[in-house]
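Peer 1: Numbering (our numbering), first residue to last: 49 to 1116. This structure is in structure tokens; I'll ask about it shortly.
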């Protein structure tokens, strides 16, 4: 087209940046290539994750106090640490847990503060504490980070633990030498130890004590630099090198020399062995073989698939080298979940893409449909340019974000393209039609995208695990929408302005003929169906609006009345079952081992109830002394375990290859385990997702421990009366028996101190630590103690000879009193007060957690408070996260509505017309609720994500409708004629944008895979919400428009102004 090179001679319609881009195909195409190629390059380097990694804004202080009881840990290290942390700027809450031999303080950082700085301040404050006991170890302060474990390598076979441990160290070194692997952790591994056992008879015969022997070992096992000798030939280093790495090297250490010069060495009286901590209860088995496990993590830009492939390849190489009876297997391969989920999303995304293309081709001419559809890859790849700046990675949720925008992203292109198409129908040339078309709807398109961005923005700031998990989704949507705006305003008009006329023959000619038939059918729908409906609705506007309100109220009543079930997070069955079992605290390890055997037998009995050829369980891992899958309030990993804990982890066959449901199998197994004698508590975990912890956690607080325990018992008993409640835990156990030793006056007369007597008792039973040194990657302790047999009898304590300051010996019974008591199992504190957490699991098929909480709050808990004066309670754990997240999302919803109103008010230059546009939002909620009801899904936190986002999507079509009505008003039409004509004019783009949004999500909504169940509720909210809101926008919004306009005219008459003072307003 010939246009003058002189700007002043250009026609008015050809001026401005949008017209310049439309007339300049080179600029538009270069911009398109930058987005496509740049996005592809940047996108290929974006990191891939199974689940998002993030800092938890939690700082932990781990303090080991070996051999100490929970009460000693509390008094010795926890109270001082709490005092040091409390009052630091940026600390929100301080909780602590005291266990046997260790304690942990957990500080939550106030939102908005720099967690790294707060962690540094906490470390400095704790390091300044000088009152920690001598035997307590240095506190370790760390900021908790959620990391991505990709796969676990299991080394197992019919051999001893030492052989497996050596093999694991070799495997870890080999794996770390591979370029795709950076972090490998040995898990559930007891610490290495050199044990030196000396009978009490030998100690007495030679006048020695265990602390003295430990001191001699320390004196003769040294490695000290001695400086350097500066000779004429150069410097010569001097070094005292008596380092002893292995048990055999300690036997020649001299302990005593007699008058004849005979030397008594350590090997003469001691049994010295290399092994593992004598205090560890940890034992791991894989399919009944002794086993050790290596956890491999994804770091930096590594992908889950590349890490998994590297580990699997190494396992194959290792198996070729291992002797018969030893094997390396992989389990818990999250890359399989990642790959399955990515393929699932890509498949659904592709299906949605095809459906959108088909729909656009039917409603628009083929070339217009092609260019509109091209906006999808342009917007997606363009969004990848922004992903690094938004700290977004590729994971299941981010890909779902692209699917969410699949139908939304073409909305603005459809509106622009359809308006350009309309300008062509009016007889304008292609370039002029493109310029006039984009100008005619440019402003409403910009505001439509901005309102959608405003609606998604609050989702970026939802706190809690679920908020962290889904935060990437709104970031992706915002990036895509911004790029779609660039594409629809700057690229699409140029493509449409310079595209050829459609051919009338071949496939394109056939598609044109089909499109003309669809267009004619659409016109008949508008004239014969829609126009009479909207005329009736606007004529009987009061009835129409009242009917809409009734539908909204009755739908909300379905939720309030429980007809539509609600839950915080969908319970999605995984391909695993963790059976965590607890026997009474302090039980002999053999009792726990026997219970473990019976738990595995119960699993086999459950399997026997199914057909022999049914593939249900692929592998079984048992852990004695720990329950590794549970988050135990950031319990320190001391590598020792507890004698009353056990876990059986059954990995199931993939859901697609078995007919047995995970929950049903777990319930049958649980029933059998709970019948095992001696089992005190059980917890079966078989769900996956971002939620963590028990379904129900009630924290009780009271200054008196006995009252606290009685209240916890009463609450646990109350919970047993609820249907659907299982795995009830009152938060405490009876604790181990404890012998309390106090010094007598006779002992004091002999010059003994409580500290010295305690040190000798500790050395005899726990052991005296002689050395602690590094051997390869392991820290190895050298412990001196009595033989196992002597330490296994209480009589040894009573007969223990205490060495006095003058070198004599006195029985413990002569210098101290020994009284029997009972120790606490775990002491928990919250904000400086002792607490107990009563927990339970809730079967969502029987009752809802919120219903249980409501009933407890109404009767049971107030009754407890009246019975136990001074008792306080709160809902913690997942319940607190739920309350905080729901509060944040409701607040975000309100802020989104305010933001949308502000944008619309600026766009329309009116305070009332935004209310017309936003009147569609409640009916989007109606559609979302009915979608859940029809498809059998429960409303959840993820559903709320969809509803909040929906508020921005549904106003787009309403905005375009009202903008058109305003323009028809300018042309002199009456209010009713203008809104009816606007509905007829915008019917096609409104229906088309709504259908593309729904069809883009339809494959995901109809997906039956378990992998997709926790994101489907959001797709339902968006898909069904926009579908139902479309009907309301086209029929009910015109009625609302007339009511609001009548009210505005009434106000104008009341205050003496002209009617419709804003009739000239438009989006310009």
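Beta carbons: idealized from backbone N, C-alpha and C, even for Gly. Note that the structure is predicted; figures quoted are calculated from it, not measured.
Looking at the structure shown, is residue 1030 part of a helix, part of a strand, or coil, going by DSSP?
Peer 2: Three-state result, residue 1030: helix.
Peer 1: Sorted by chain position, which residues of the same chain lie with C-beta nearer than 8 Å to residue 653's C-beta, five sequence neighbours on each side aside?
Peer 2: Excluding sequence neighbours, residue 653 sits near 720.
Peer 1: Can you tell me whether residue 54 is buried or exposed? The criterion is at least 16 other CB atoms within 10 Å of its CB, across all chains shown.
Peer 2: Low confidence applies here, because residue 54 scores a pLDDT of 47, under 50, leaving its location unreliable and the question unanswered by this model.
Peer 1: Look at residue 1024 and residue 1090 and say whether their C-beta atoms are less than 8 Å apart.
Peer 2: Going by C-beta atoms, residue 1024 is nearer than 8 Å to residue 1090.
Peer 1: Is the beta carbon of residue 342 less than 8 Å from the beta carbon of residue 220?
Peer 2: Contact flag set, yes.
Peer 1: Using 8 Å as the Cβ pair cut-off and three pairs as the minimum, do the stretch 687-703 and the stretch 593-612 touch?
Peer 2: Touching, no, given that fewer than three Cβ pairs across the two stretches are closer than 8 Å.
Peer 1: Taking the alpha carbon of residue 650 as the point to measure from, which residue in 696, 842, 478 has its own alpha carbon closest?
Peer 2: The candidate whose alpha carbon is nearest that of residue 650 is 696.
Peer 1: For the alpha helix (DSSP H) that contains residue 710, what are its first and last residues?
Peer 2: Looking at the DSSP string, the run of the alpha helix (DSSP H) that includes residue 710 is 710-721.
Peer 1: Quick one: is residue 92 buried, meaning 16 or more other Cβ sit within 10 Å of its Cβ, or exposed?
Peer 2: When all chains shown are included, residue 92 counts as exposed.
Peer 1: Based on DSSP bridge pairs, tell me the residues matched to residue 893.
Peer 2: Note: residue 893 sits in no beta bridge, so no partner.
Peer 1: Who are the near neighbours of residue 479 in its chain, counting only those whose CB is closer than 7 Å to its CB and skipping five residues on each side?
Peer 2: The residues are 49, 70, 71, 545.
Peer 1: Checking contacts by CB at 8 Å: is residue 695 closer than that to chain B?
Peer 2: Considering every chain present, this structure includes no chain B. It has just one protein chain.
Peer 1: DSSP on residue 961, reduced to helix/strand/coil?
Peer 2: Three-state result, residue 961: helix.
Peer 1: Determine the DSSP secondary structure at residue 935, reduced to helix, strand or coil.
Peer 2: Correct three-state label for residue 935: helix.
Peer 1: Based on the DSSP output, what are the partners of residue 870 in its beta bridges?
Peer 2: DSSP lists 785 as partners of residue 870.
Peer 1: Mapping DSSP to helix, strand and coil, what is residue 681?
Peer 2: Because residue 681 sits at a pLDDT of 43, beneath the cut-off of 50, its placement in the model cannot be relied upon, and the following sentence gives the value as read from the coordinates. Residue 681 falls in the coil class under three-state DSSP.
Peer 1: Does DSSP classify residue 63 as helix, strand or coil?
Peer 2: DSSP places residue 63 in coil when its eight states are reduced to three.
Peer 1: Going by alpha carbons, who is nearest to residue 855 out of 254, 170, 116?
Peer 2: Checking every option, the nearest Cα to that of residue 855 belongs to 254.
Peer 1: Identify whether residue 613 lies in helix, strand or coil by the three-state DSSP scheme.
Peer 2: Here residue 613 sits in coil by DSSP.
Peer 1: Tell me the rounded alpha-carbon separation between residue 429 and residue 88.
Peer 2: Roughly 6 Å between the two C-alpha positions.
Peer 1: Need the endpoints of the beta strand (DSSP E) that residue 204 sits in, please.
Peer 2: Per DSSP, residue 204 belongs to the beta strand (DSSP E) from 197-205.
Peer 1: Going by the DSSP bridge assignment, what does residue 922 pair with across the sheet?
Peer 2: Bridge partners of residue 922: 747.
Peer 1: Below 8 Å on the Cβ atoms is my contact criterion, and I expect residue 664 with residue 708 to pass it. Report the Cβ-Cβ distance as a whole number of Å.
Peer 2: Between residue 708 and residue 664 the Cβ distance is about 5 Å, and since that is below 8 Å, they are a contact.
Peer 1: Beta-carbon separation of residue 1003 and residue 948 under 8 Å?
Peer 2: In this structure, residue 948 lies closer than 8 Å to residue 1003 by Cβ.
Peer 1: Pick helix, strand or coil for residue 146, following the three-state DSSP scheme.
Peer 2: Strand.
Peer 1: In whole angstroms, give me the CA-to-CA distance for residue 811 and residue 647.
Peer 2: Distance between the alpha carbons of residue 811 and residue 647: 37 Å.
Peer 1: Can you give the beta carbon distance from residue 968 to residue 1077, rounded, assuming they're within the 8 Å contact cut?
Peer 2: The Cβ separation is near 5 Å, so the contact holds.
Peer 1: Using DSSP with H/G/I as helix, E/B as strand and the rest coil, what is residue 777?
Peer 2: The answer is strand: DSSP assigns residue 777 an E or B state.
Peer 1: Run the CB neighbour count on residue 346, radius 10 Å, all protein chains shown included, and call it buried at 16 or more, exposed below.
Peer 2: Answer is buried; the Cβ neighbour count reaches 16.
Peer 1: How many Å lie between residue 490 and residue 466 at the Cα?
Peer 2: So the two alpha carbons sit approximately 12 Å from each other.
Peer 1: Can you tell me whether DSSP reads residue 967 as helix, strand or coil?
Peer 2: Correct three-state label for residue 967: coil.
Peer 1: Quick check on residue 338: does DSSP put it in helix, strand or coil?
Peer 2: Here residue 338 sits in strand by DSSP.
Peer 1: Which one or two residues does DSSP pair with residue 600 in a beta bridge?
Peer 2: Residue 600 pairs with nothing; no bridge assigned.
Peer 1: Give me the Cα-Cα distance between residue 1013 and residue 526, rounded to the nearest whole angstrom.
Peer 2: Computed Cα separation, rounded: 29 Å.
Peer 1: Would the beta-carbon of residue 926 fall within 8 Å of that of residue 745?
Peer 2: Yes. Within cutoff.
Peer 1: Alpha carbon to alpha carbon, how far is residue 339 from residue 210?
Peer 2: Approximately 10 Å between the Cα atoms of the pair.
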